[in-house]
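Asker: In our numbering, the protein residues as written are 20 to 173. All C-beta atoms, glycine included, are put in the ideal place defined by N, C-alpha and C.
(1) Express the C-alpha separation of residue 135 and residue 35 in angstroms, rounding to a whole number.
(2) Going by the DSSP bridge assignment, what does residue 76 pair with across the sheet?
(3) Mind checking which residues open and close the beta strand (DSSP E) that includes residue 7?
(4) Indicate whether residue 32 and residue 128 have their beta-carbon atoms separated by less than 8 Å.
(5) For residue 126, count neighbouring C-beta atoms within 10 Å of its own C-beta (all shown protein chains included) and say buried if the count is 16 or more, exposed if not.
(6) Could you give the residue range of the beta strand (DSSP E) that holds residue 90?
(7) To the nearest angstrom, how far is it from the Cα of residue 166 to the Cα of residue 122?
(8) In terms of residue numbering, what span does the beta strand (DSSP E) encompassing residue 133 cover?
(9) Across which residues does DSSP place residue 155 in a beta bridge pair?
(10) CB residue 109 to CB residue 73, shorter than 8 Å?
(11) Taking 8 Å as the cut-off, decide whether the C-beta atoms of residue 87 and residue 43 are in contact.
(12) Take residue 162 and list the residues in its own chain whose beta-carbon comes closer than 8 Å to its own, dropping the five residues that flank it on each side.
(13) Who pairs with residue 33 in a beta bridge, going by DSSP?
(14) Helix, strand or coil: how does DSSP classify residue 128 here?
(15) In chain order, what residues of the same chain have a beta carbon less than 6 Å from the beta carbon of residue 79, not counting five sequence neighbours either side?
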């Protein structure tokens, strides 16, 4: 499958995820540079095997992750989000995005088996799967925050 097709399938899956679970306006950024970060990032990753093998990773700042978690959990902007809820929300967002991608790929004749999400926090997080891996980023803005989905596969 071509990278442009995967990118469009992923974008449609992310839109569907947010329309269903996280009612925030999304704007796709047409600049492939990674989102800048001056602090630690949160990463929600899911690996997959099948006709394609790889990893889908959601990367965001703590502020962005908390905004998404608050919206998903229907909390007020002033309410704190504890780390466990933040991890659960980011893992679920990654899970829903890969689930939508899997459905779209299945309709195109491509099968995927997906793992459970792993959520971590750190600096300079970038998914790497070795050589001969196709990789692209989907940069998205919402309400002053920028986050990124990175798909790496072969």
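Answerer: Looking at the atomic coordinates:
(1) In the chain shown, the residue the question calls residue 35 occupies position 16. In the chain shown, the residue the question calls residue 135 occupies position 116. Here the alpha carbon of residue 35 sits roughly 20 Å from the alpha carbon of residue 135.
(2) Within the chain shown, the letter at position 57 stands for residue 76. Looking at the DSSP assignment, residue 76 forms a beta bridge with 64, 169.
(3) Because the chain in this structure spans residues 20 to 173, residue 7 falls outside the shown range and cannot be described.
(4) Taking the chain shown and counting its residues from 1, one reaches residue 32 at position 13. Taking the chain shown and counting its residues from 1, one reaches residue 128 at position 109. In this structure, residue 128 does not lie closer than 8 Å to residue 32 by Cβ.
(5) As a working note, residue 126 is residue 107 in the chain shown. Residue 126 comes out exposed.
(6) Within the chain shown, the letter at position 71 stands for residue 90. Premise fails: residue 90 lies in the alpha helix (DSSP H), 81-91, not in any beta strand (DSSP E).
(7) Against the chain shown, residue 166 aligns to sequence position 147. Against the chain shown, residue 122 aligns to sequence position 103. Separation of residue 166 and residue 122 (C-alpha to C-alpha, rounded to the nearest whole angstrom) is 23 Å.
(8) Working through the chain shown from its first residue, we reach residue 133 at position 114. Counting along the chain, the unbroken beta strand (DSSP E) around residue 133 starts and ends at 131-133.
(9) If you number the chain shown from 1, residue 155 lands on position 136. The bridge partners DSSP lists for residue 155 are 170.
(10) Stepping through the chain shown from its first residue, residue 109 is reached at position 90. Stepping through the chain shown from its first residue, residue 73 is reached at position 54. Between residue 109 and residue 73, the C-beta gap is not smaller than 8 Å, which leaves the two residues out of contact.
(11) For this step, residue 87 is matched to residue 68 along the chain shown. For this step, residue 43 is matched to residue 24 along the chain shown. The answer is yes: Cβ separation under 8 Å.
(12) Along the chain shown, read from residue 1 onward, the residue named residue 162 stands at position 143. Taking residue 162 as the centre and dropping the five residues before and after it, the same chain places the C-beta of 43, 44, 86 closer than 8 Å to its C-beta, in chain order.
(13) Residue numbering aside, residue 33 sits at position 14 when the chain shown is read from its first letter. In DSSP, residue 33 forms no bridge with anything.
(14) Translated into the one-based positions of the chain shown, residue 128 becomes position 109. The answer is coil: DSSP assigns residue 128 none of H, G, I, E or B.
(15) As a first step, residue 79 must be located in the chain shown, where it is residue number 60. Taken in chain order, the residues that qualify are 61, 166.
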